[in-house]
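Novice: The following block contains the structure, expressed as structure tokens.
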Amino acid sequence: MDMPLKPNVLEDVARDRSLPAPPPREKFYSDEDSIMLEDESGRICLVGDRIRSACLVTGVILGALGIETHNGDFEVVDLCYPGMAPQPSAGIEWPAPTIGGDAMDVDESASTSAPSDEWVALVSGLEVGSTNPSDGQIQMLAEYLTAEISSPEEQSQAARISRLIIAGNSLGAPTGNTDVVNGDSERKSRRYGNDASSFTPHPTQNLAAHLTDVCRSMPVHLLPGPSDPAATILPQQPLPRAMFGGASHYATFSSESNPTYIHLAPNDLPAQSSSRASQPSASSSKPKANGTSAASQGTIRPTRTIFVHSGQPVDDMFKYVPSPPISRMTLAEATLKWRHMAPTAPDTLWCHPYFARDPFVITQTPDVYVVGNQPAFATRLVRDDEQDEDESGARAEKRCRIVLLPSFKDSGTLVLVNLRTLAVRRVQFAVEGMNGGGGET
Amino acid sequence: MPALDDYLTKQLFIEKNVVTYRSLSRQLGIHVNAAKTGLSKFHETSVDSTTRAFATYLVSGELFPTAPQTQTGSSTQTEDGMDIDADPAEAQSTEEEVPTTTLTLVGEQDLEHAKSTYARIFSIHVYCLSPSPLTDAGLICDPSAIIYKADAKDTPTSSIALGRVVGPDVRIGKAPPLVASSSKAAAEPVSRQPTLKVKTEKAEDKTPVAKSGSTSLSSAEKDKDKANASSAKPKATGKLDWSKAKKTPESDKSKKKEKEVKKEESISPIEKAVKKTAKLEINDASPKDDGKVCYCPPHLARPHPYSPNLQRGVKRKVSPPAVSDAEDRPTLRGKEKEKKATPVPAPADIKLRKNRIVSDDEDDTPPPPPRRLTKNRARVSAAADALDSDAENSLRAMMDIDDALVEKASASRPAPVKPEPADDAADEDVEMAAETQQASEDEDIAPKPKPRKKTQKKVVPVGRNGLKKKRTMKSRMTVDAKGYMVTEDYSSYESVDEEDAEEAAPKKGKGKKAGASTSASAAKAKKPVSIDVDASDAEEPVVKKKPVARAPSTTKSKKQPAAAQGSLKDFFGKPKK
Chain H
3 MDMPLKPNVL EDVARDRSLP APPPREKFYS DEDSIMLEDE SGRICLVGDR
53 IRSACLVTGV ILGALGIETH NGDFEVVDLC YPGMAPQPSA GIEWPAPTIG
103 GDAMDVDESA STSAPSDEWV ALVSGLEVGS TNPSDGQIQM LAEYLTAEIS
153 SPEEQSQAAR ISRLIIAGNS LGAPTGNTDV VNGDSERKSR RYGNDASSFT
203 PHPTQNLAAH LTDVCRSMPV HLLPGPSDPA ATILPQQPLP RAMFGGASHY
253 ATFSSESNPT YIHLAPNDLP AQSSSRASQP SASSSKPKAN GTSAASQGTI
303 RPTRTIFVHS GQPVDDMFKY VPSPPISRMT LAEATLKWRH MAPTAPDTLW
353 CHPYFARDPF VITQTPDVYV VGNQPAFATR LVRDDEQDED ESGARAEKRC
403 RIVLLPSFKD SGTLVLVNLR TLAVRRVQFA VEGMNGGGGE T
Chain X
1281 MPALDDYLTK QLFIEKNVVT YRSLSRQLGI HVNAAKTGLS KFHETSVDST
1331 TRAFATYLVS GELFPTAPQT QTGSSTQTED GMDIDADPAE AQSTEEEVPT
1381 TTLTLVGEQD LEHAKSTYAR IFSIHVYCLS PSPLTDAGLI CDPSAIIYKA
1431 DAKDTPTSSI ALGRVVGPDV RIGKAPPLVA SSSKAAAEPV SRQPTLKVKT
1481 EKAEDKTPVA KSGSTSLSSA EKDKDKANAS SAKPKATGKL DWSKAKKTPE
1531 SDKSKKKEKE VKKEESISPI EKAVKKTAKL EINDASPKDD GKVCYCPPHL
1581 ARPHPYSPNL QRGVKRKVSP PAVSDAEDRP TLRGKEKEKK ATPVPAPADI
1631 KLRKNRIVSD DEDDTPPPPP RRLTKNRARV SAAADALDSD AENSLRAMMD
1681 IDDALVEKAS ASRPAPVKPE PADDAADEDV EMAAETQQAS EDEDIAPKPK
1731 PRKKTQKKVV PVGRNGLKKK RTMKSRMTVD AKGYMVTEDY SSYESVDEED
1781 AEEAAPKKGK GKKAGASTSA SAAKAKKPVS IDVDASDAEE PVVKKKPVAR
1831 APSTTKSKKQ PAAAQGSLKD FFGKPKK
């Protein structure tokens, strides 16, 4: 796409150095944009209403059907995208431990969740260490996950949560020097009135303490985000485990790279008397067949793939499209149809140079697609409306639950996804009548 | 409970601390729910007394539906605006009801207000007690130190009794190493070696047992060294093996020992993980292999640890707990590779420098080495001619290194020299190492043919600056003076490169006219020597150049003494003026 507002490296180079650089624009979209279709042989400009209304960003692979106009442009009649990638877990029921799973169809998202269903907790943007931190909410979050807070009924509900995925921005962006000084002194006066030794102001130690607290209860996956001390180039490499002190002692604490696939499968551990779900999932690539209901499946093993990233691709794509008609959720859905999670990758989104393979191609549609650090919560169950090639009916339609996670610092939201039914619940941590980050509904 | 009351009294009123239900439970060893009731009871009693404790409540329930909907509604409004042509899918997303549970932390003064915002309240309980109303939510984190200390001290199971819910997977220990990927990472550089030896190691690498994986890795690395050696020139093979084998297998062994120890530690407590990883490895065999097809030259050790991380990061198909340590492994491997690669060129470079330093006791300035070398070369010219091709090849390689270091050398040197040792740096390094092993005589001989070739090449390119032209003239002069063939050859080079030594003479002839006169006198002096007329013609344009040109004229003057000393003295007399 040829967008005049997009930062152009040639313009950057040609710019007069004495003048300060203009601030980066929020949106590259303008009326003067032109869309080009390009391959090794050349490029051609696409015109037409179909193109104008389509949601496109740089780097999308598509096929265009149309007619060439007299001035050399290509008037598009229809577009064809790769479509959703094959999903091996489609149609395979996740075992429902207490209820007979055969009757329950996986695709019924509104089906009642069994009381001992597994849930996965998703959160992003804890932003420990930023100004105006939400430590209180994070404390409440940790207590919620360890099922100590609230009433026993809530606790038993919280006990169903089998793992936590933190999708980026765990450490807040450090502010300017002067601000840090002021911020620290402010916080100190507010918080560490008498007892200064209880909570260190060091953000990583603070975060490590919270993580250790949660790690004692469940496996935790931590992804780096835009504000974390990790490389800004995608795919961001995992944060070093040693950063997190006590949490690193736990084998179930895993530090993940930024876009990451997490494969889950039900474990065939015998039902334990602990208050956890009777059959918690184990994250491994070789799931063992479940005893109760999935035995009928034979050799096909139920798996769930959770694809998580910290939001940089979607944020970058969002700059390319006009926002009122197209939302971030539309973009996330579109990435599934395009089978590419970050089509703008080498252009405006920094990524490692890759030659042989493109690591951002979505080869298999995940079951849960999590995008972290978004301004607002949104979720949608995307189904594939294309007919599957295999008409024998053995293949179920593909479906993917897209979840856009809001920043915890701003909204205090924890999202729970039911692994069996892909239903979504939200838990909000709020503070009323006192200072403490965001979180007010 | 008197203990509880005493503790709370002490904490709240004497030490002025905030006490949360969690810290109370850890401190007194009671269940968290019991702690909550204890807090509430104490709060009730304390309200009556003069010193009162302020309670902070946690209200959990569902807020009125308007609140969450407006939130989502407002978000869609900002996104959709008033656009009627909004994607119908957008409307669907707003309609999707997501049940939301809200937990609100409120002080007792705001409790009623908070309760009014709730449509359904699941529970209210006392979260913490404090000597004064809390103004900052972060203050509830203060007692967490007690909690962390208590939880860390006892085994995790003890906190289960206190109310914590612990998943069955959670365990302390190292993340199980990904044997598969680490051995693949090792196999990756191994497979890049063109030799077949190494490829057979790849098959070994695929054994699922960690230890065998590590041993095969070590053997693979050793084979890589040998492969490097074998790919080197045949002459160098024998000595090269020693040089490389000394450094790298030792370091490899030490590293392998570390790794094996590490792997043993990790394997023994977590046996399941080994089986898992073994199977994982098989699963991963196909996709990982596809990813690592791209060829990287063997001496670029750095990209190797990087690409496995890159690909593994995105296409994560193995259990996450194992990844972090697994990534440590490829980086270890990478470091090994780097260390392997770097020791090879490093000592080679050092030794090479030693070569030059040995052969030339002066500092590393460009002019002296060729001079000294040519000196020795003059003596052993016959021997130098008798050098076999191997030496020449190694010499060329050495020359190449020299050129990299020596920048003042004539531009002609690198150009023709480069095509010859255009092999891998590894080969050069091999040759360098081989070179170093040779006797000092070789070292002397080695550089000698180099300048000879260099001088020969000097003649060929027509000068871009006066320097070249000067050299051509020198060669001509050597042709003329046949009595001192060798020495005059040498002296001519001296004159060319050692402008410093000849500065005295050129300085005398600094004036351009003086230079012209010297050249003229030189021309005159040359006549008895029966120099070609061309030489004189060449001299004049040379003289027109800057002081560099004066060197030739003065060197000519030096050569004159060989031919006719009387005229030389006269020649010297003139520049003094």
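Going line by line, the protein sequences match chains H and X.
If you count the first sequence from 1, you need to add 2 to reach the working numbering.
If you count the second sequence from 1, you need to add 1280 to reach the working numbering.
Built from N, CA and C at the ideal position, the CB exists for glycine as well.
Here the structure is a predicted model, which means the values were calculated and not measured.
1) With 8 Å set as the bound, which would you pick, yes or no: does the beta-carbon of residue 319 of chain H sit closer than that to a beta-carbon of chain X?
2) Mark residue 1286 of chain X as exposed unless 16 or more other C-beta atoms lie within 10 angstroms of its C-beta, in which case mark it buried.
3) Pull up the CB-CB distance for residue 1382 of chain X and residue 430 of chain H, whole angstroms please, since I reckon it's below 8 Å.
4) Three or more beta-carbon pairs under 8 Å between the stretch 316 to 334 of chain H and the stretch 51 to 65 of chain H, yes or no?
5) Mind checking residue 421 of chain H: buried by the 16 CB within 10 Å criterion, or exposed?
6) Do you know offhand how far residue 118 of chain H's Cα is from residue 426 of chain H's?
7) Cα separation between residue 312 of chain H and residue 372 of chain H?
8) If contact means a Cβ-Cβ distance below 8 Å, which residues of the stretch 407 to 441 of chain H contact chain X?
9) Please return the same chain residues whose Cβ sits closer than 7 Å to the Cβ of residue 1299 of chain X, not counting the five positions on each side in sequence.
10) Taking only the alpha-carbon atoms, compute the straight-line gap between residue 307 of chain H and residue 386 of chain H and give it to the nearest angstrom.
11) Does DSSP classify residue 76 of chain H as helix, strand or coil?
12) Quick check on DSSP: helix, strand or coil for residue 1698 of chain X?
13) Looking only at its chain, what residues have a beta carbon closer than 7 Å to the beta carbon of residue 318 of chain H, apart from the 5 residues adjacent to it on each side?
14) Roughly how many whole angstroms lie between the Cα atoms of residue 1313 of chain X and residue 151 of chain H?
15) Can we say the stretch 203 to 217 of chain H touches the stretch 129 to 141 of chain H, given the rule of at least three CB pairs closer than 8 Å?
16) Quick one: which chain H residues come within Cβ less than 8 Å of residue 1408 of chain X?
17) Considering only residues of the same chain and omitting the five flanking positions on each side of residue 165 of chain H, which have a CB-CB separation below 6 Å?
18) Comparing C-alpha positions only, which one of X/1294, X/1284, X/1413 sits nearest to residue 1301 of chain X?
19) How is the alpha helix (DSSP H) around residue 408 of chain H delimited, first residue to last?
20) Closest Cβ-Cβ distance between residue 1405 of chain X and chain H: below 8 Å?
21) Return yes when the Cβ of residue 85 of chain H is within less than 8 Å of the Cβ of residue 1386 of chain X, no when it is not.
22) Out of curiosity, what's the CA-to-CA distance linking residue 362 of chain H and residue 382 of chain H?
23) Name the chain X residues whose beta carbon is nearer than 7 Å to that of residue 248 of chain H?
24) So, under 8 Å CB-CB, residue 174 of chain H and residue 130 of chain H are touching, yes? Tell me the CB distance rounded to an integer number of Å.
25) Select from the stretch 1305 to 1318 of chain X all residues with a C-beta closer than 7 Å to any C-beta belonging to chain H, and list them in chain order.
26) Based on Cα-Cα distance, which residue from H/384, H/416, H/244, H/415 lies nearest to residue 403 of chain H?
27) Using 8 Å as the limit for Cβ to Cβ distance, is residue 289 of chain H near chain X?
28) Nearest-angstrom Cα distance between residue 125 of chain H and residue 68 of chain H?
29) With respect to the alpha helix (DSSP H) encompassing residue 206 of chain H, which residues constitute its N-terminal and C-terminal limits?
30) With 16 as the cutoff for other CB atoms within 10 Å, does residue 63 of chain H come out buried or exposed?
31) So, is the C-beta of residue 1443 of chain X closer than 8 Å to a C-beta in chain H?
32) Which of the three DSSP states is assigned to residue 121 of chain H in this structure?
33) For the structure I just gave you, are there three or more beta carbon pairs, one from the stretch 39 to 51 of chain H and one from the stretch 19 to 31 of chain H, closer than 8 Å?
34) What does the alpha-carbon distance come out to for the pair residue 1310 of chain X and residue 354 of chain H?
35) Under 8 Å, CB to CB, which of the residues in the stretch 212 to 228 of chain H have a partner in chain X?
36) If residue 260 of chain H and residue 224 of chain H are in contact, beta carbons under 8 Å, what's the gap, nearest whole angstrom?
Specialist: In brief:
1) In the first sequence, counting from the first residue as 1, residue 319 of chain H sits at position 317. By this cut-off, residue 319 of chain H is not an interface position.
2) Your numbering for residue 1286 of chain X matches position 6 in the second sequence. Under this definition residue 1286 of chain X is an exposed residue.
3) By one-based count along the second sequence, residue 1382 of chain X stands at place 102. By one-based count along the first sequence, residue 430 of chain H stands at place 428. The pair is a contact, with the Cβ atoms about 4 Å apart (cut-off 8 Å).
4) yes
5) Locating residue 421 of chain H in the first sequence gives position 419, counting from the first residue. With 16 or more Cβ atoms within 10 Å of its Cβ, residue 421 of chain H is classed as buried.
6) The count along the first sequence starts at 1 and reaches residue 118 of chain H at position 116. The count along the first sequence starts at 1 and reaches residue 426 of chain H at position 424. Rounded to whole angstroms, residue 118 of chain H to residue 426 of chain H spans 15 Å at the Cα level.
7) As a working mapping, residue 312 of chain H is identified with position 310 in the first sequence. As a working mapping, residue 372 of chain H is identified with position 370 in the first sequence. Computed Cα separation, rounded: 8 Å.
8) 426, 427, 428, 429, 430, 431, 432, 433, 434, 435, 436, 437, 438, 439
9) Start at 1 with the first residue of the second sequence, and residue 1299 of chain X comes out as number 19. Excluding residues within five positions, the ones whose Cβ falls inside 7 Å are 1288, 1291, 1292, 1408, 1409, 1423.
10) Counting from one through the first sequence, the residue named residue 307 of chain H turns up at place 305. Counting from one through the first sequence, the residue named residue 386 of chain H turns up at place 384. Their backbone Cα atoms lie some 17 Å apart in a straight line.
11) Within the first sequence, numbered from 1, the residue matching residue 76 of chain H stands at position 74. Looking at residue 76 of chain H - three-state DSSP - the assignment turns out to be strand.
12) Against the second sequence, residue 1698 of chain X aligns to sequence position 418. Reliability of the predicted coordinates at residue 1698 of chain X is poor, the pLDDT of 42 falling under 50, and the value obtained from them is presented with this limitation in mind. Looking at residue 1698 of chain X - three-state DSSP - the assignment turns out to be coil, as it is neither helix nor strand.
13) Your numbering for residue 318 of chain H matches position 316 in the first sequence. Cβ within range, chain order: 346, 350, 351.
14) Looking up residue 1313 of chain X in the second sequence gives position 33. Looking up residue 151 of chain H in the first sequence gives position 149. Their Cα atoms are separated by approximately 8 Å.
15) yes
16) In the second sequence, residue 1408 of chain X corresponds to position 128, counting from 1. Within 8 Å Cβ-Cβ: nothing; residue 1408 of chain X doesn't reach chain H, min ~10 Å.
17) Here residue 165 of chain H corresponds to residue number 163 of the first sequence, with the count starting at 1. Excluding positions up to five away in sequence, the list reads 122, 220, 221.
18) Locating residue 1301 of chain X in the second sequence gives position 21, where the first residue counts as 1. Nearest option by C-alpha distance: X/1284.
19) Residue numbering aside, residue 408 of chain H sits at position 406 when the first sequence is read from its first letter. Counting along the chain, residue 408 of chain H falls outside any alpha helix (DSSP H), though it belongs to the beta strand (DSSP E) covering 401 to 408.
20) Taking the second sequence and counting its residues from 1, one reaches residue 1405 of chain X at position 125. With 8 Å as the cut-off, residue 1405 of chain X counts as an interface residue toward chain H.
21) Numbered from 1 along the second sequence, position 106 holds the residue referred to as residue 1386 of chain X. Numbered from 1 along the first sequence, position 83 holds the residue referred to as residue 85 of chain H. Not a contact, by the Cβ cut-off of 8 Å.
22) Looking up residue 362 of chain H in the first sequence gives position 360. Looking up residue 382 of chain H in the first sequence gives position 380. Near 22 Å, if we compare the C-alpha coordinates of residue 382 of chain H and residue 362 of chain H.
23) Against the first sequence, residue 248 of chain H aligns to sequence position 246. What residue 248 of chain H touches in chain X: 1432.
24) Numbered from its first residue, the first sequence carries residue 174 of chain H at position 172. Numbered from its first residue, the first sequence carries residue 130 of chain H at position 128. 6 Å between Cβ atoms; contact.
25) 1312, 1313
26) Start at 1 with the first residue of the first sequence, and residue 403 of chain H comes out as number 401. Of the listed residues, the one whose Cα sits closest to residue 403 of chain H is H/384.
27) Counted from its first residue, the first sequence places residue 289 of chain H at position 287. Below a pLDDT of 50, predicted positions are generally treated as unreliable, and residue 289 of chain H, at 33, falls in that range; the measurement from the model is reported next regardless. No, residue 289 of chain H does not count as interfacial toward chain X.
28) On the first sequence, residue 125 of chain H is found 123 positions in, with the first residue counted as 1. On the first sequence, residue 68 of chain H is found 66 positions in, with the first residue counted as 1. For residue 125 of chain H and residue 68 of chain H, the distance between alpha carbons rounds to 44 Å.
29) Position 204 of the first sequence, counting from 1, holds the residue named residue 206 of chain H. Note, residue 206 of chain H: alpha helix (DSSP H), 205 to 217.
30) On the first sequence, residue 63 of chain H is found 61 positions in, with the first residue counted as 1. Burial call: exposed.
31) The count along the second sequence starts at 1 and reaches residue 1443 of chain X at position 163. Chain H, which has a Cβ nearer than 8 Å to the Cβ of residue 1443 of chain X, makes this yes.
32) Position 119 of the first sequence holds residue 121 of chain H. Of the three classes helix, strand and coil, the one that applies to residue 121 of chain H here is strand, per DSSP.
33) no
34) Numbered from its first residue, the second sequence carries residue 1310 of chain X at position 30. Numbered from its first residue, the first sequence carries residue 354 of chain H at position 352. When rounded, the distance between both Cα atoms is 52 Å.
35) 214, 215, 217, 218, 219, 220, 221, 223
36) The count along the first sequence starts at 1 and reaches residue 260 of chain H at position 258. The count along the first sequence starts at 1 and reaches residue 224 of chain H at position 222. Rounded, the Cβ-Cβ distance is 11 Å, inconsistent with contact.
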